[in-house]
Amino acid sequence: MLMGIAMLCDKKFLIGVLVLLMVVIPAGGQTESRPHVIVVGVNGMEWDIIRPLLLKGELHNFAEVIQRGVYGKMRTLSAPNCPKVYTSIATSTSPEENGITGFVVAGKTASTDMLKREPLWSILSKNGVTVGMANVPATFPVMPLNGYMISGMLTRGKGCEDGILCSPKLSEVKGGEAVYPPSMVAELEMNVGDFWIDCSRMPAAEELRGKEPEAIDHWLQQVSQVRAQQAKLFDYLLSHHRTDFTMLVQSCEDRVGHWLYPIQPYNAGYDPTLHSVRVDAFPDQYRALDQVLGKVLQYVDRNTYLFIISDHGIKPLREFEEGRRLYHSAHDHGGNTPIIAKHDFEDGDDVPGIFIAIGPNIKRDVRLMGFTVSVFDIAPTILNLYGIPKPTQMKGRVLSEIFETPSSQPAKPSAR
Ligand SMILES: [Zn+2]
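Mapping of the sequence shown onto the numbering used here: position 61 corresponds to residue 1453, and the numbering continues sequentially without gaps.
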């Protein structure tokens, strides 16, 4: 483990964390006096799909958190994609400032070595807050922190090429560490198994042609396996490595939406051999996510803050933005899957993210209108829960209006 730490410690803003490594919190050792915060991030969560399911009463856990908290849209970046937006969420700075401008930066897959602004987990760690992170996009190679980190989207490994998503299993990771501390790898292999770190790569056009139903079903089976593994991982981490701050991210929703969004024949790119096969594939992702949320909610007591966020939504293609490269994936995730929905529209307000918050002193059943919340506001708001002032480089603000008591400090957690 010591060698692993030495290898990882050349990150400029994390050196201060070293001191704290001496006090990595063991299983079940959360410090009672600090707020307990869980952030569930979902890639490309889309209200247009969730709302009809809520109306039909199908998403019980979503319905519960919405009723218990504050919810609404979240303003995202222009031409949003996961690595870029999650890094802006973590640093509360623009992609140009923080260095992660997309999947690929200067010809190379975005990585934590390119990060130029201090992320939330580093600031929390330096302030003695225990931190747990799993599957957050653009966190590879992992960084030393006061807790644990398991990387997410853009983890490099077997079959990975620059600019094209891949989905290595834990045992297939190459070019850096995917787990911090490294000693946790064996523990995860024993208790969770050899899990996929990111959702499955989308099939190529030639893999689909002439065998659409079989190829779609095969891919969806893989997606549900990935989700089952992620859910097992989250359950294990929340039960065996409780940390003050925990951030867990799911990424299959976005991937499914890109090519199996339930579009209509009038939409650009509609192909009945593909799009009439499994029209429920995308809504099914939210039904499955609702089950994962149910598991996470078992760890949310009345003193826990739960934030559910998505980096952006996803919408069917628009010909005026696509030009002649209509529905051929020149953008989003690379590859050559025939995509029919995307998120990297120039006007990010066309594909807003989602913000939901519940917890002590957070208002109940309040819908935030318009773009009250932006991706830059998440980090300052979470820092504020721990009484840590917003660093000057952060663009966002503390979302004081979501709390019952609008003060710079949220109410102290009540006795259990
Ligand atoms: Zn995407």
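The beta-carbon is built from N, C-alpha and C at its ideal position, and this holds for glycine as well.
These numbers were taken from a predicted model, which means no experiment stands behind them.
Can you pull the DSSP bridge partners for residue i?
{"i": "M1639", "result": "V1431 and M1525"}
{"i": "P1708", "result": "A1733"}
{"i": "G1549", "result": "V1565"}
{"i": "S1543", "result": "V1528"}
{"i": "S1668", "result": "Paired residue(s): none; S1668 is not in a bridge."}
{"i": "A1749", "result": "V1462 and F1699"}
{"i": "K1500", "result": "V1497"}
{"i": "I1571", "result": "First, the residue type needs correcting, since residue 1571 is Val and not Ile in the sequence shown. Answer is I1542."}
{"i": "F1795", "result": "I1754"}
If you follow the alpha helix (DSSP H) that residue i is part of, which residue opens it and which one closes it?
{"i": "G1649", "result": "C1644 to L1652"}
{"i": "Y1628", "result": "E1604 to H1632"}
{"i": "Y1691", "result": "Element bounds for Y1691: n/a, residue is neither H nor E."}
{"i": "I1770", "result": "I1770 to L1777"}
{"i": "I1515", "result": "L1512 to K1518"}
{"i": "N1490", "result": "P1487 to N1490"}
Roughly how many angstroms separate the alpha carbons of residue i and residue j, rounded to a whole number?
{"i": "T1479", "j": "Q1613", "result": "30 angstroms"}
{"i": "E1598", "j": "I1608", "result": "13 angstroms"}
{"i": "K1848", "j": "R1679", "result": "In this structure the chain extends from 1393 to 1808, so residue 1848 is not present and cannot be described."}
{"i": "Y1658", "j": "L1600", "result": "22 angstroms"}
{"i": "C1558", "j": "E1793", "result": "40 angstroms"}
{"i": "E1489", "j": "L1640", "result": "25 angstroms"}
{"i": "L1689", "j": "L1445", "result": "19 angstroms"}
{"i": "D1663", "j": "M1786", "result": "45 angstroms"}
{"i": "G1550", "j": "S1592", "result": "Note that residue 1550 is Lys in the sequence shown, not Gly. Their Cα atoms are separated by approximately 13 angstroms."}
{"i": "H1633", "j": "V1523", "result": "10 angstroms"}
{"i": "Q1422", "j": "L1685", "result": "Residue confidence is low: Q1422 scores 46 on pLDDT, short of 50, so the model does not pin down where it sits. No coordinate-derived value is stated."}
{"i": "S1643", "j": "E1450", "result": "21 angstroms"}
{"i": "A1673", "j": "W1611", "result": "11 angstroms"}
{"i": "G1661", "j": "K1734", "result": "12 angstroms"}
{"i": "I1442", "j": "I1700", "result": "13 angstroms"}
{"i": "E1604", "j": "A1596", "result": "11 angstroms"}
{"i": "D1646", "j": "L1580", "result": "26 angstroms"}
{"i": "H1452", "j": "M1761", "result": "23 angstroms"}
{"i": "W1513", "j": "T1635", "result": "12 angstroms"}
{"i": "R1619", "j": "G1499", "result": "30 angstroms"}
{"i": "R1509", "j": "E1606", "result": "45 angstroms"}
{"i": "L1709", "j": "Q1656", "result": "12 angstroms"}
{"i": "Q1621", "j": "E1564", "result": "16 angstroms"}
{"i": "A1482", "j": "V1496", "result": "18 angstroms"}
{"i": "T1493", "j": "D1739", "result": "16 angstroms"}
{"i": "P1783", "j": "T1665", "result": "52 angstroms"}
{"i": "P1536", "j": "K1566", "result": "18 angstroms"}
{"i": "P1529", "j": "G1491", "result": "14 angstroms"}
{"i": "Q1683", "j": "S1503", "result": "31 angstroms"}
{"i": "F1763", "j": "D1742", "result": "12 angstroms"}
{"i": "L1681", "j": "A1526", "result": "16 angstroms"}
{"i": "P1573", "j": "C1552", "result": "24 angstroms"}
{"i": "P1472", "j": "A1578", "result": "35 angstroms"}
{"i": "V1615", "j": "T1797", "result": "42 angstroms"}
{"i": "M1545", "j": "C1474", "result": "8 angstroms"}
{"i": "I1430", "j": "D1676", "result": "24 angstroms"}
{"i": "L1516", "j": "D1505", "result": "19 angstroms"}
{"i": "F1795", "j": "D1586", "result": "41 angstroms"}
For residue i, which residues from the same chain have a beta carbon less than 8 angstroms from its beta carbon, with the 5 sequence-adjacent residues on both sides left out?
{"i": "V1477", "result": "T1468, L1469, D1703, H1704, G1745 and V1767"}
{"i": "Q1459", "result": "R1756 and D1757"}
{"i": "P1781", "result": "L1775"}
{"i": "P1487", "result": "L1469, K1476, T1479, S1480, T1493 and G1494"}
{"i": "V1671", "result": "P1654"}
{"i": "V1765", "result": "G1464, K1465, M1466, R1467, F1747 and L1791"}
Considering only residues of the same chain and omitting the five flanking positions on each side of residue i, which have a CB-CB separation below 7 angstroms?
{"i": "E1583", "result": "Per the sequence shown, residue 1583 should be read as Asn rather than Glu. So the list reads Y1628, once near-sequence residues are dropped."}
{"i": "A1570", "result": "F1532, V1534, I1542, S1543, T1547, L1562 and I1589"}
{"i": "E1438", "result": "G1649, G1705 and I1706"}
{"i": "S1484", "result": "F1768, A1771, P1772, M1786, K1787 and G1788"}
{"i": "M1576", "result": "Y1540"}
{"i": "R1426", "result": "V1521, D1636 and Y1778"}
{"i": "V1669", "result": "E1604, P1605 and I1608"}
{"i": "G1461", "result": "I1748, A1749, I1750, I1754 and R1756"}
{"i": "R1759", "result": "Y1463 and G1464"}
In its own chain, which residues sit with a C-beta less than 6 angstroms from the C-beta of residue i, not counting the 5 before and 5 after it?
{"i": "G1520", "result": "none"}
{"i": "L1410", "result": "In this prediction, L1410 scores a pLDDT of 47, lower than 50, which makes its location untrustworthy; the coordinate-derived value is nonetheless stated afterwards. Nothing listed; no residue qualifies."}
{"i": "L1630", "result": "Y1691"}
{"i": "V1434", "result": "Q1642, E1645 and S1702"}
Ends of the beta strand (DSSP E) at residue i?
{"i": "K1476", "result": "It is not in any beta strand (DSSP E) - K1476 instead sits in the alpha helix (DSSP H) that spans C1474 to T1483."}
{"i": "M1761", "result": "V1758 to S1766"}
Could you check whether the Cβ of residue i sits closer than 7 angstroms to any heavy atom belonging to ligand 2?
{"i": "D1663", "result": "Absence of ligand 2 from the depicted structure is noted, with ligand 1 being the only ligands included."}
Every unbroken alpha helix (DSSP H) within the stretch 1435 to 1473, with a cutoff of 4 residues, ordered by chain: 1439 to 1447 and 1452 to 1460
Can you check the stretch 1575 to 1603 for any beta strand (DSSP E) of at least 3 residues that lies completely inside it and give the ranges in chain order? none
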